[in-house]
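Position 167 (the sequence shown) corresponds to 167 in the numbering used here; numbering is contiguous. Backbone N, C-alpha and C fix where the C-beta goes; we use that ideal spot for every residue, glycine too. This one's a predicted model, so the numbers in the text were calculated from it and none came from an experiment. I have placed the structure first, in the form of structure tokens, so that the comments after it can refer back to it.
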Amino acid sequence: MAVRKTSTSDLSLIPEPDWQVAERRAAVIRPLAARTFCSKEDAMAAALELGISARHVYRLIRQCREGGGDLTSLIVAVSSGGRGQSRLPHRQDEVVQSVVEELYLTPQRLSAEWIVQEVRRRAYKLGLPPPSASTIRRRLAALPLAERSRRGDVVVPDAVGGSTPPARFPLDRVQMDHTPVDVILVDPFERRPIGRPWITVAVDIYSRCIAGFHVSLEAPSSTSVGLCLTHMAADKHAWLQGIGVEADWPIAGKPLLISVDNAKEFHSDAFERGCAQHDIAIDWRPVGQPKFGGVVERLIGTLMELVHSLPGTTFSNVMQRGKYDSDKAACLTLGELERWLTVAIAKFYHVRPHGGLDDDIPLRRYSAGVTALATSGKTIPTPRNPRTYLIDFLPVVWRTLRREGVVIDHIHYFCDALKPWIERSAMPERLLIRRDPRDLSRIYILDDRDGGYLEVPYRELSRPPVSLWEHRLARARLRQRRQTEWDERVLFAAIEEMREIESQAARTTRSMRRNQARRLSLRVVEGTGRPSQSASPPWQAKIVEDGDPLEPFDIEEW
């Protein structure tokens with residue numbers, strides 16, 4: 001089997017000092033690389049800014065263009081000048097940070113010029129080349145609002161709560177957030193309640209279209225953020241076909257800026273480095289001021305209002321729920337909820353007038369923005385390599401390479417391309433591996449010789465693709481049977497058994513719900529034309545089953 005390889009550099013392995021140098025270079029070099037021609041004057045100015053030669057600037061511009069603007073194209077080369085020299089940028093950064101913390105972020109409110117001079121004084125004292133004044137000023141200007149407030153700076157909010165800066169075109173600015181979904185799900189095998197899922201959602205500020213989302217039973221993490229970003233960037237046509245939804249969802253591309261709150265997953269190295277690598281700016285909203293994320297907060301509220309029409313909803317609070325038994329009414333699986341949300345977004349939310357757009361329609365606003373960009377000769381940026389874009393946001397695991405390949409969670413992975421690795425290793429080799437939790441049928445192994453990735457499949461190619469959640473459910477099922485020891489064969493046999501149960505349950509449930517729909521049509525109060533109070537609510541007859549055609553549904557306007 002042919003194994004695809006992607007040339008990249010794993011972001012998690014790049015030393016922090018080198019990463020900071022690349023970020024400073026990117027701020028200067030990326031705008032120059034985007035031009036058709038860089039003048040000698042501009043190159044000299046950039047050289048002074050970065051403390052390098054003009055020739056080096058031109059070399060960095062070429063590297064940036066060849067690397068598609070990726071930040072790793074500007075990573076400092078490994079130096080032979082010794083340990084001290086390679087740490088110099090990091091030591092400069094420590095000087096700047098200490099002066100900012102000790103003297104700038106205080107009620108004394110010292111000026112930026114004073115801070116520049118103090119940084120230079122301390123750098124000279126330590127025998128370090130001083131950072132440029134513009135570099136220091138950019139650091140001060142980039143300080144979050146919450147930190148600047150320590151100086152006593154007064155920030156006046158917009159008069160009518162308009163705290164969200166305007167966007168110039170589609171995907172110019174995107175807001176992202178998570179929330180538990182107000183519905184209890186059931187497992188697809190025995191239809192037992194398994195709790196509430198989480199949704200990560202990203203909204204385009206310009207059009208108010210939902211740019212991407214990710215639903216999972218796992219708590220929010222850098223992985224769910226990365227999968228939402230991947231969903232945002234991808235052409236959604238194939239995905240819509242795959243889940244059986246006929247709809248138009250044209251939003252696709254990389255955001256220029258993503259606005260998030262201060263949750264730990266938005267401060268993880270995986271998220272920050274992934275965004276920096278692909279030239280996505282991050283705007284962390286001020287702590288304790290949710291109005292700066294008002295667009296995505298209101299969107300989440302809208303989605304939850306729609307979810308409250310589903311069987312098994314928990315509503316927003318105990319008072320709203322009353323005596324409604326959410327667990328007893330639950331009947332949707334994770335896959336069914338994802339399809340329902342897709343229809344709610346693509347066929348309802350995107351095509352309804354939006355108050356934040358002066359009653360314009362989100363999908364129409366998005367199309368108009370794309371047309372305006374095309375008229376000016378521009379397009380929405382997309383990942384240069386969608387596969388690498390995904391890999392850069394996937395979680396990392398470390399495993400030892402042995403003669404039989406790699407084993408992760410009792411699943412064996414192997415391909416012929418690993419044979420030279422095994423032969424050249426006198427000792428078992430530890431490998432950095434990334435894997436997609438939605439599909440465990442392949443993993444991506446970093447080749448530390450050239451920074452590329454090997455895509456390695458199951459050793460047994462006849463095994464079906466499974467998700468990490470399905471894999472964990474199978475292991476839990478084996479433990480319930482007091483089967484504490486198992487191998488890959490037993491694990492996949494359990495998954496096959498669960499899928500057969502799921503298929504049978506889906507057929508049974510589909511038949512039961514169709515009968516319920518027939519009964520509903522008969523249980524009408526005589527002479528009124530309205531269902532009786534004891535009748536099931538009409539949406540129960542419209543629950544989407546795997547294999548059924550997905551039809552549009554009625555949603556109350558509010």
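{"query": "Look at R208 and P383 and say whether their C-beta atoms are less than 7 Å apart.", "result": "no"}
{"query": "Name the two residues that bound the continuous beta strand (DSSP E) containing F213.", "result": "210-216"}
{"query": "I think P131 touches V96, with their Cβ atoms under 8 Å apart; what is that distance to the nearest whole Å?", "result": "6 Å"}
{"query": "Give the single residue among R62, V186, G51 whose Cα lies nearest to the Cα of F37.", "result": "R62"}
{"query": "Using the rule of at least 16 other Cβ atoms within 10 Å of the residue's Cβ for burial, across every protein chain shown, is D10 buried or exposed?", "result": "buried"}
{"query": "Does the distance from the CB of S222 to the CB of T200 come in under 7 Å?", "result": "no"}
{"query": "Suppose the cutoff is 6 Å on Cβ atoms and the five residues either side in sequence are ignored; what does the same chain contact list for R435 look like?", "result": "I443"}
{"query": "Measure the C-alpha to C-alpha separation of A252 and I205 and round it to an integer number of angstroms.", "result": "14 Å"}
{"query": "Leaving out five residues on either side along the sequence, give the residues of the same chain with a beta carbon under 7 Å from the beta carbon of L334.", "result": "L185, P197, V215, L217"}
{"query": "Quick one: what's got a C-beta closer than 7 Å to A167's C-beta in the same chain, skipping five residues either side?", "result": "R173, I205, Y206"}
{"query": "What residues are listed by DSSP as bridge partners for V260?", "result": "W284"}
{"query": "Whole angstroms is fine: what's the gap from H412's alpha carbon to V466's?", "result": "13 Å"}
{"query": "Just confirm the distance between the C-beta atoms of L32 and A22, as a whole number of angstroms; I'd bet it's less than 8 Å.", "result": "So it is not a contact: roughly 15 Å between Cβ atoms."}
{"query": "List the endpoints of the continuous beta strand (DSSP E) containing V456.", "result": "452-457"}
{"query": "Quick one: measure Cβ to Cβ for G212 and L229, integer angstroms, because I've assumed they're closer than 8 Å.", "result": "7 Å"}
{"query": "When the Cα of Y389 is compared with those of H354, T379, L227, which residue comes out closest?", "result": "L227"}
{"query": "Of all the options P250, L50, R479, P180, which has the alpha carbon lying nearest to the alpha carbon of L337?", "result": "P180"}
{"query": "Going by beta-carbon coordinates alone, are L171 and I300 separated by less than 7 Å?", "result": "no"}
{"query": "Apart from the five residues just before and just after A133, which ones in its own chain have a Cβ nearer than 6 Å to its Cβ?", "result": "V116"}
{"query": "Might you give, ordered along the chain, the residues of its own chain that have their beta carbon closer than 6 Å to the beta carbon of L140, omitting 5 neighbours on each side?", "result": "A112"}
{"query": "Is the beta carbon of L373 closer than 7 Å to that of F169?", "result": "yes"}
{"query": "For P17 and A27, I'd like the C-alpha separation in whole angstroms.", "result": "16 Å"}
{"query": "State the Cα-Cα distance for the pair E49 and T135, rounded to the nearest angstrom.", "result": "8 Å"}
{"query": "Among D448, R191, W421, which residue has its Cα nearest to the Cα of A330?", "result": "R191"}
{"query": "For I411, write down the residues that DSSP places opposite it in a beta bridge.", "result": "I408"}
{"query": "Identify which residue in Y58, G67, S39, P15 has its Cα closest to the Cα of D279.", "result": "G67"}
{"query": "Only counting runs of 4 or more residues, tell me where the alpha helix (DSSP H) segments fall wholly within the stretch 118-149, in order along the chain.", "result": "133-141, 145-148"}
{"query": "Roughly how far, in whole angstroms, is the beta-carbon of L431 from the beta-carbon of I445, given that I think they are within contact range, below 8 Å?", "result": "5 Å"}
{"query": "Kindly indicate which three-state DSSP category E429 falls into: helix, strand or coil?", "result": "strand"}
{"query": "Kindly indicate the opening and closing residues of the alpha helix (DSSP H) around I29.", "result": "16-33"}
{"query": "Taking the alpha helix (DSSP H) that A276 falls in, what are its first and last residues?", "result": "269-277"}
{"query": "Cα separation between V370 and E41?", "result": "35 Å"}
{"query": "Would you kindly check if the distance between the Cβ of W249 and the Cβ of A346 is under 7 Å?", "result": "yes"}
{"query": "Does W398 pass the burial test, meaning 16 or more other C-beta atoms within 10 Å, or should it be called exposed?", "result": "exposed"}
{"query": "With DSSP as the reference, please indicate the residues paired to A202 in a beta bridge.", "result": "M176, G212"}
{"query": "Pick helix, strand or coil for L171, following the three-state DSSP scheme.", "result": "coil"}
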